[in-house]
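Encoded as structure tokens, the structure appears first; notes follow it.
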Amino acid sequence: MSLVELHAIHKSFGALEVLKGIDLAIDEGQVIALIGKSGSGKSTLLRTINGLEVIDDGVIMVDGKKISERDTDLLALRLQVGMVFQQFNLFPHYTALENVMLSPQVVKKQSKAEARAIAEEMLTKVGLADKMMHYPDQLSGGQQQRVAIARALAMKPKVLLCDEVTSALDPELVNEVLAVVRQLAEEGMTLVMVTHEMRFAREVCDKLVFMHQGRIHETGDPEEVFSNPKTPELSSFVGGLA
Amino acid sequence: MAYKFDFGAIVPHWELLVDGVILTTELTVIGAVIGVGLGIMGAWARASRAPVISQIVGIYVELIRNTPFLVQLFFIFFGLPALGVKLSEFQAAVLAMIVNLGAYSTEIVRAGILAIPQGQIEAAQSLAMNRVQIFRYVVLLPALKKIWPALSSQIVIVMLGSSVCSQIAAEELTFGANYIQAINFRAFEVYFVVTGLYLVMSILLRMGLKVLGNFLFERRRHV
Ligand SMILES: Nc1ncnc2c1ncn2[C@@H]1O[C@H](COP(=O)(O)OP(=O)(O)O)[C@@H](O)[C@H]1O
Ligand SMILES: [Mg+2]
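The listed protein sequences correspond, in order, to chains A and B. Residue 209 in full-length UniProt numbering sits at position 209 of the first sequence, and the numbers go up by one each step. Residue 32 in full-length UniProt numbering sits at position 32 of the second sequence, and the numbers go up by one each step.
Below you can see the structure in the form of structure tokens.
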């Protein structure tokens with residue numbers, strides 16, 4: 001049994017069918033790269049996994065449990081599935097430390113001391129031990145994104161979803177964020193990441209999923225898929241990037 | 001026949017003016033605190049997914065914003081007793097101010113809520129926070145910060161609007177002024193002084209709200 005299983009997921013926005021039957025299994029400890037052209041449905045797929053998008057049809061199982069649309073189910077699901085966004089989305093009125101402490105305190109009802117200990121641990125892990133008292137607007141984009149990762153990790157999720165976490169960053173800040181993601185992967189964190197960093201995907205990920213027009217078009221071992229794409233679409237996608 | 005100013009004629013009645021200032025202040029503080037609280041709840045209801053509640057609040061807001069405050073006051077003081085709800089002058093005045101400010105601040109606070117980027121809310125959702133937690137910890141403070149100047153102005157408007165409560169004999173500042181000039185016929189002097197008192201109260205109220213805003217929204221700078 002996989003940690004997350006998607007069966008025949010369908011999702012439309014109005015008349016636009018964005019996900020046309022997605023099947024995907026995510027195993028514990030697996031690092032999956034989700035690639036594909038803009039508009040192919042990568043973000044929508046990621047967002048269905050933690051219930052930010054309600055699916056029209058299909059089944060999502062997390063840890064062997066089927067997820068319904070009920071609020072209680074969604075909250076339970078999100079305790080297992082963390083997410084990091086392209087735009088960081090830190091809470092501007094809280095310091096880095098408070099951003100990370102908030103959810104453990106109010107959702108998990110941890111004591112302030114407990115939440116603080118975990119937050120400090122996570123911020124240290126992402127290399128921001130000296131920035132804990134800074135507000136988001138006092139941090140660079142790369143630092144903000146690392147706070148966002150620490151914030152998600154403090155909830156101890158079983159899976160972390162990353163949606164183009166480096167796309168909003170200046171080029172010189174990309175590597176500090178990728179280094180953190182790479183470290184998580186090496187520690188055995190289960191990751192699903194939408195990314196355009198093909199070299200990174202090739203080096204770090206166990207499995208590559210290529211999306212095309214709302215479907216999983218090709219999937220496999222990154223090395224294999226990159227050097228020997230089977231479909232013309234992936235071939236032209238990879239070629240277009242190189 | 002030059003009019004001879006005699007501000008001294010007010011002096012014997014100074015206690016009435018002081019009482020008026022105190023009552024106006026009480027009306028304003030109670031009306032503002034509860035009215036803004038009502039506005040926050042109203043704004044939340046408007047932004048929530050419950051369509052019936054949202055519509056009821058919408059009707060309340062439109063009803064209040066499209067009728068005169070004086071009529072609202074008369075309705076509460078003279079109209080409600082027909083339904084068995086009999087309020088004192090002070091109670092009626094304060095209720096009218098709460099209801100009035102509640103409607104205006106619902107719209108103001110709602111604008112602040114709508115200005116919160118959707119990404120903030122999604123981040124909070126993906127941290128497993130529920131609706132109430134998201135509103136309380138993620139939305140409310142930044143939303144209030146955005147609209148604090150508009151909300152402050154509305155509170156000042158309501159404070160000045162409290163002068164019409166003299167019409168139901170609530171003994172606030174304008175009531176005191178009316179009373180004094182009816183005794184000493186010194187309308188110019190009395191209203192001149194009362195105008196000055198309202199002006200000072202407005203300025204102090206604005207300053208107070210600014211200080212409160214700084215306290216609520218300015219970050220405690222750690223670095
Ligand atoms: N909330 C939405 N409402 C309507 N259309 C949407 C919405 N979100 C995404 N879409 C559309 O769905 C398609 C897939 O979007 P998305 O999943 O963001 O693609 P990707 O992340 O691969 O670029 C796009 O055509 C996009 O315009
Ligand atoms: Mg996307």
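C-beta atoms are modelled at their ideal positions from N, C-alpha and C, and glycine is treated no differently. Just so it is clear, the structure is predicted and the values come from calculations on it, not from any experiment.
When we look at the beta-carbon of B:G39 and count the other beta-carbons within 10 Å, is it buried (16 or more) or exposed?
buried
Who are A:A25's beta bridge partners in DSSP?
Looking at the DSSP output, A:A25 bridges to A:E5.
For A:S12, does the three-state DSSP call read helix, strand or coil?
strand
Proximity of A:Q105 and A:A117 at Cβ, strictly below 8 Å:
no
What I want to know is whether the C-beta of A:F210 ends up closer than 7 Å to one or more non-hydrogen atoms of ligand 1.
At a threshold of 7 Å, A:F210 does not count as near ligand 1, since its beta carbon sits no closer than that to any of the ligand's heavy atoms.
Is the region 41-53 of chain A in contact with the region 223-238 of chain A, if contact means three or more CB pairs nearer than 8 Å?
They do not touch, by the three-pair rule.
Is A:L16 a contact residue of ligand 1, with contact defined as CB to any heavy atom under 7 Å?
Checking every heavy atom of ligand 1 against the Cβ of A:L16, one is found closer than 7 Å.
Sub-8 Å separation of A:V100 and A:M122 beta-carbons:
yes
Between the region 76-89 of chain A and chain B, which residues of the former have a C-beta closer than 7 Å to a C-beta of the latter?
R78, L79, G82, M83, F85, Q87 and N89
Should B:M97 be labelled buried (16 or more other beta-carbon atoms within 10 Å of its own) or exposed?
Here B:M97 is buried. Its C-beta has 16 or more other C-beta atoms within 10 Å.
Name the residue from A:T219, A:T231, A:L191 and A:Q213 whose alpha carbon lies nearest to the alpha carbon of A:V81.
Minimum Cα distance to A:V81 is reached at A:L191.
Alpha-carbon spacing of B:M201 relative to B:L160, whole angstroms:
9 Å
At the level of alpha carbons, what is the spacing between B:A50 and A:M132?
39 Å
When you compare the region 95-114 of chain B with the region 21-28 of chain A, are there three or more beta-carbon pairs, one atom per stretch, that lie closer than 8 Å?
no
Given a cut-off of 8 Å, decide if A:D56 and A:K11 are closer than it, judged by their beta-carbon atoms.
yes
Does the CB of B:V109 have a neighbour CB from chain A at under 8 Å?
no
With a Cβ-Cβ cutoff of 8 Å, do A:L3 and A:K158 count as a contact?
yes
Alpha-carbon spacing of B:A124 relative to B:A45, whole angstroms:
19 Å
Against chain A: residues of the region 128-151 of chain B by CB proximity under 9 Å:
From the region 128-151 of chain B, only A128, M129, N130, R131, Q133, R136, Y137, V138, L141, P142 and K145 have a Cβ closer than 9 Å to chain A.
Rounded C-beta distance between B:D6 and B:E171? I'm assuming under 8 Å.
Not really, about 24 Å apart at Cβ, beyond 8 Å.
I want to check one thing, is the minimum distance from the CB of A:V84 to the heavy atoms of ligand 2 below 7 Å?
no
Cβ-Cβ distance between B:I10 and B:V193 below 8 Å:
yes
Measure the beta-carbon distance from A:V212 to A:S40 and round it to whole angstroms, keeping in mind my assumption that it falls under 8 Å.
The question names Val, but residue 212 of chain A in the sequence shown is His. About 6 Å; that satisfies the 8 Å criterion.
Does the distance from the C-beta atom of A:A142 to that of A:L173 stay below 8 Å?
Sequence check: residue 142 of chain A is Gly here, not Ala. Yes, Cβ-Cβ distance for A:G142 and A:L173 is below 8 Å.
Using a Cβ cut-off of 8 Å (strictly closer), state whether A:S140 contacts chain B.
False, the Cβ-Cβ gap to chain B never drops below 8 Å.
Cα separation between B:N214 and B:I108?
19 Å
Inter-residue spacing [alpha-carbon to alpha-carbon] between B:A143 and A:C205:
Pairing B:A143 with A:C205, the inter-Cα distance amounts to about 40 Å.
Less than 8 Å between the beta carbons of B:L87 and B:F78, yes or no?
no
Counting only Cβ-Cβ distances shorter than 9 Å, please list the residues of the region 169-187 of chain B near chain A, keeping chain order.
none
Kindly confirm or deny that the region 86-93 of chain A and the region 128-136 of chain B touch, where touching means at least three C-beta pairs closer than 8 Å.
No, because fewer than three Cβ pairs between the region 86-93 of chain A and the region 128-136 of chain B fall closer than 8 Å, the two stretches do not touch.
Is there at least one Cβ from chain B nearer than 8 Å to A:L52's Cβ?
yes
Please name the residue in B:W148, B:E26, B:E89 and B:I59 whose C-alpha comes closest to that of B:G112.
B:W148
Option nearest A:H44 by Cα separation, candidates A:G240, A:R215 and A:P232
Going by the sequence as given, residue 44 of chain A is Thr instead of His. For A:T44, the nearest C-alpha among the options comes from A:R215.
Rounded C-alpha distance that separates A:G234 from A:T219
Note that residue 234 of chain A corresponds to Leu in the displayed sequence, not to Gly. The straight-line gap from Cα to Cα measures roughly 10 Å.
Quick one: give me the first and last residue of the alpha helix (DSSP H) that A:M198 is part of.
That run of the alpha helix (DSSP H) goes M198 to V204.
Given 7 Å as the limit, tell me if B:V52 has its C-beta closer than that to any heavy atom belonging to ligand 2.
no
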